[in-house]
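Residue numbers (this note's numbering), protein chains in the order written: chain W, 1 to 350; chain Y, 351 to 700.
First up is the structure itself, then whatever we jot down about it.
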């Protein structure tokens, strides 16, 4: 067991401050990772604030982790000291339920272990995330990072990336499909990049006309301003797929009207009550609304490989860990393009 | 053009009274049908009351029509005088859009013509339904009825039947699946019969313990009382498919909790706003909620053939047309097992 420098919130909505976490010994299936970069996800803030309930303090957030292998356990092959690796939202699962067997550990029927605020099976208590010097993770949950992409900007792929990639794959988005990405934040900007790279005709759907230029630069073929009823009417019934990244409850009925018959809108952002949906918005046109959360380890590796081939990373703003509380305020007010990433040297050196 | 005896509402929420409707001449593609039985659907009442807006008066309801061919146009083959036929919710569609080409006339992109309160392309004005002596319908929208089943009890197959059959087919419900049918009314009782006949393990889900006995007699293997939180917890995450026939807005969140990962609940009843749905109820488990409306002509014929083979009809209570207003009151208070059917002799003879 070792003591490792970290940043933690000690109570709901508290500022994050320096804290030392315990890390287990490196066991036979473990990989110890020296953390170089860690992305800042809105979920970090929800957990710090206990917005979803169930937060356990101290909270050490961080599940978009990039680093280099420091040490491997004796059963670990294929990873060696110095390898560039990533860890996302999960660090363990039961490995024997149907979901795990299908490579969908995020839906583990016995409870996936989240990277932070999960149940720590090794030390007891709860898990501590990536706002720390290093982390020790079972080899099955360690991803190989492509070396040819901008490493620091790759951190958000581990959560924002896979969260948008997985539904595009599962609902079989393909070349020529008309795909709408609703909301242009950390998730939305990755949705636009991926849908574009997959060959779809991408429409960025936003309430904010000022986001149009950025949307097109990220890969959108068109921008649809959802507050403009004429524009919405023009696009009515024309979308093969909608990826809804809006992070708060909202009125989904206008978006359902954009779908073609038999098409689906997938929610990846709003883990809270939506405004009342009209049954007729689904019934007329046999439409679906579904949800999706992150993605399995196999699929995450496929996404990272795809990012390597297509040179896809997130648009990020680098910060030092000492500025994390200010960064949280800016995330909450959507004042970031499009993801903060912490340079973890700042934790080790300052 | 001919004048035909019918029953109509002259204004919103008015009682139905005798009325004469105009029927067009029998054109070359037409079939004239002497109506023997007509089911009473809750949609009839919604249209009479203008609950959904857009009702045009006088309203002559009725889209669960069973009768015998009186006369056929010169282009009609395969139907002859005396044949037992049915007409459901649609009497025409464009026939050239993608939906029509795929046999999904109910989703016609140029606007399907409903059996009543649709746009009458022949005489102008709006269409008049089956609460009348006879009807003239394009051959493409006339179904062949199996002669071996109880004809009068077959009328509701044309709406309640296809409305529940179509989603069971589209979402591929098969032998051994655990299927829940939510709500036991006109739609629900057909859902239970069909899911049972398809070999599913059927759970009838209802708020009313007093419906348990009926549910099992109709073919349910189990009854789940949705107000009983212990029972709901036992069934959590166990359903392959849910058919939600509840005809009014309600809280769908507890039902979404019953679904397995990747499973779908299909709404067929509630054409109105639902209570706020929690995004997390979809996201955790990659679940879907979808809608479905009636079914295409080809699929309706397949359902009728299946009913002939498996001797499936609705449970009905027969009435005379003169008692229609009292029947409407009883439908609204759910006091019917499970569908009223009008014996149309009462219109012709009294």
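Note that the Cβ used here is the ideal one computed from N, Cα and C, for glycine as well.
Item	Value
Looking only at its own chain, which residues have a Cβ that is under 6 Å from the Cβ of residue 607 of chain Y, when we skip the five neighbours before and after it?	586
By the three-class DSSP mapping on this structure, what secondary structure does residue 540 of chain Y have?	helix
Smallest Cα separation from residue 84 of chain W: which of W:143, W:106, W:281 and W:214?	W:143
Can you list, in chain order, the residues of its chain with a C-beta nearer than 7 Å to that of residue 240 of chain W? Leave out the 5 residues immediately preceding and following it.	177, 178, 179, 260 and 263
For residue 1 of chain W, does the count of other Cβ atoms within 10 angstroms reach 16, so buried, or fall short, so exposed?	exposed
Anything in the segment 230 to 242 of chain W with a Cβ closer than 8 Å to a Cβ of chain Y? List those residues in chain order, please.	237
With residue 370 of chain Y as the anchor, note down where its beta strand (DSSP E) starts and where it stops.	367 to 373
Distance check for residue 510 of chain Y and residue 546 of chain Y, CA to CA, integer angstroms please.	16 Å
CB residue 727 of chain Y to CB residue 486 of chain Y, shorter than 8 Å?	Only positions 351 to 700 of chain Y appear in the structure, and residue 727 of chain Y is not among them; the question remains open.
Run down chain W in chain order and give the residues with a C-beta less than 9 Å from the C-beta of residue 639 of chain Y.	277, 282, 288, 289 and 290
When you compare the segment 288 to 296 of chain W with the segment 127 to 134 of chain W, are there three or more beta-carbon pairs, one atom per stretch, that lie closer than 8 Å?	no
Rounded to whole angstroms, what is the Cα-Cα separation between residue 334 of chain W and residue 24 of chain W?	36 Å
What are the boundary residues of the beta strand (DSSP E) that includes residue 263 of chain W?	259 to 267
Rounded to a whole number of angstroms, what is the C-alpha to C-alpha distance between residue 439 of chain Y and residue 452 of chain Y?	18 Å
Roughly how many angstroms lie between the CA atoms of residue 578 of chain Y and residue 584 of chain Y, to the nearest whole one?	10 Å
Please compile the residues from chain Y whose C-beta is within a distance smaller than 8 Å of the C-beta of residue 285 of chain W.	457 and 641
For a contact meaning CB atoms closer than 8 Å, what does residue 618 of chain Y contact in chain W?	283
Give me, in chain order, the residues of the same chain whose beta-carbon lies closer than 6 Å to that of residue 274 of chain W; leave out the 5 immediate sequence neighbours on both sides.	249 and 252
Quick one: which unbroken beta strand (DSSP E) runs of 3-plus residues sit fully inside the segment 388 to 443 of chain Y? Chain order, please.	415 to 422, 434 to 437 and 440 to 442
What are the boundary residues of the alpha helix (DSSP H) that residue 169 of chain W is part of?	160 to 170
Kindly indicate which three-state DSSP category residue 178 of chain W falls into: helix, strand or coil?	strand
Determine whether the beta carbon atoms of residue 416 of chain Y and residue 354 of chain Y lie at a separation below 8 Å.	no
Taking only three categories from DSSP, how would you classify residue 4 of chain W?	strand
Beta-carbon within less than 6 Å of residue 691 of chain Y's beta-carbon, same chain only, minus the 5 sequence neighbours each way: which residues are those?	387, 389, 502, 505, 666 and 668
Count Cβ pairs between the segment 164 to 173 of chain W and the segment 181 to 195 of chain W that sit closer than 8 Å; are there 3 or more?	yes
With distance defined between alpha-carbon atoms, name the residue in Y:413, Y:524 and Y:619 nearest to residue 491 of chain Y.	Y:413
Who pairs with residue 339 of chain W in a beta bridge, going by DSSP?	W:316
On the DSSP bridge assignment, give the partners of residue 302 of chain W in chain order.	Partner(s): none; residue 302 of chain W has no beta bridge.
Any beta carbon from chain Y within less than 8 Å of residue 271 of chain W's own beta carbon?	yes
Looking only at its own chain, which residues have a Cβ that is under 6 Å from the Cβ of residue 556 of chain Y, when we skip the five neighbours before and after it?	534
Look at residue 279 of chain W and residue 621 of chain Y and say whether their C-beta atoms are less than 8 Å apart.	yes
Out of Y:489, Y:560, Y:689 and Y:362, which one is the CA nearest neighbour of residue 396 of chain Y?	Y:362
Beta-carbon of residue 261 of chain W versus every beta-carbon of chain Y: anything under 8 Å?	yes
At a Cβ threshold of 8 Å, is residue 314 of chain W touching chain Y?	no
If you drop the 5 nearest sequence neighbours on each side, which residues of the same chain put their C-beta closer than 7 Å to that of residue 219 of chain W?	192, 193, 196 and 202
Which residues in chain Y have a C-beta closer than 7 Å to the C-beta of residue 226 of chain W? List them in chain order.	Here the premise fails: no neighbours, minimum Cβ distance about 18 Å.
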